[in-house]
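Student: I have a structure here, written as structure tokens, and I will follow up with some questions on it.
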Ligand code: MN
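Numbering (our numbering), first residue to last: 206 to 417.
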């Protein structure tokens, strides 16, 4: 996903709109993907339209060096570029709930760095539930393979020079409000049943092999 450049396109969901039932219903996914995510793509392209030199940069390059960009595009790229990056990872990190569990080197690293899957889940859920306002909870790895849980505000991404994102949990109200109203903890609990551990494990293994 990181090789693409302007103009950015709306990536289709890698599953049907009803695939995440009962945790996330079709209406929630239609609004989240077709409206909210699409708006970030459109606004990112609009922000870049007058900057041919920035149009050659990948999204990761733009987001990693925001403070080196022209000052008037920093905020639009932080908000909308972050919105595109975060949502593409979010939608790509889920699959139909079917009893999936952590696998591979990532499963071992979760036990090593959090004590157990259960302890990681508690920490990740707490990060999502306790985020004040709009934002994200993250499972990330550093370049040595050490995992941690982070929060970011708004559409901010984790520090991409320090971390590789493994799993994102979107806790903006638009991610759950149609179905869960104010019950963010119930949405967060359900999200764990949707995790695509195969893709998460691949991200982790790629991050370690790239940097070691
Ligand atoms: Mn969202």
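Cβ coordinates follow ideal geometry from the N, Cα and C atoms, glycine included.
Predicted model only: the values in this text are computed from it and were never measured.
For the ligand MN, is there any heavy atom lying closer than 7 Å to the beta carbon of residue 237?
Tutor: Residue 237 Cβ: within cutoff of the ligand MN.
Student: Which value, in whole angstroms, describes the spacing of the CA atoms of residue 358 and residue 338?
Tutor: Distance between the alpha carbons of residue 358 and residue 338 is about 8 Å.
Student: Taking the straight line between their C-alpha atoms, what separation do you get for residue 399 and residue 228?
Tutor: Answer to the nearest angstrom: the Cα atoms are 8 Å apart.
Student: Evaluate residue 346 with the Cβ neighbour count: other Cβ atoms within 10 Å of its Cβ, from every protein chain shown; 16 or more gives buried, anything less gives exposed.
Tutor: With 16 or more other Cβ atoms within 10 Å, it is buried.
Student: Taking just the CA atoms, how far does residue 212 sit from residue 361?
Tutor: Cα to Cα, the separation comes out at about 21 Å.
Student: Within 7 Å: the Cβ of residue 303 and any heavy atom of the ligand MN?
Tutor: Checking every heavy atom of the ligand MN against the Cβ of residue 303, none is found closer than 7 Å.
Student: Can you tell me whether residue 360 is helix, strand or coil according to DSSP?
Tutor: Coil.
Student: Does the ligand MN have a heavy atom nearer than 7 Å to the CB of residue 343?
Tutor: The answer is no for residue 343.
Student: Does the distance from the CB of residue 268 to the CB of residue 287 come in under 8 Å?
Tutor: Yes, they are a contact pair.
Student: For residue 214, does the count of other Cβ atoms within 10 angstroms reach 16, so buried, or fall short, so exposed?
Tutor: Classification of residue 214: exposed, given that the 10 Å Cβ count is below 16.
Student: Starting from residue 369, follow the beta strand (DSSP E) in both directions and report where the run begins and ends.
Tutor: 369–375 is the span of the beta strand (DSSP E), which, as asked, contains residue 369.
Student: Where does residue 288 fall in DSSP's three states?
Tutor: Helix.
Student: For residue 333, which three-state DSSP category applies?
Tutor: If DSSP states are grouped into helix, strand and coil, residue 333 belongs with the helices.
Student: Between the Cα of residue 328 and the Cα atoms of 244, 390 and 291, which residue gives the shortest distance?
Tutor: For residue 328, the nearest C-alpha among the options comes from 390.
Student: By Cβ distance below 6 Å, which residues in the same chain neighbour residue 384 in space, the five residues on each side in sequence not counted?
Tutor: Closer than 6 Å at the Cβ level, and outside the excluded window around residue 384, lie 230 and 233.
Student: I'd like to confirm the pairing. Which residues does DSSP put opposite residue 320 in its beta bridges?
Tutor: DSSP, once it has assigned bridges, lists no residue as partnering residue 320.
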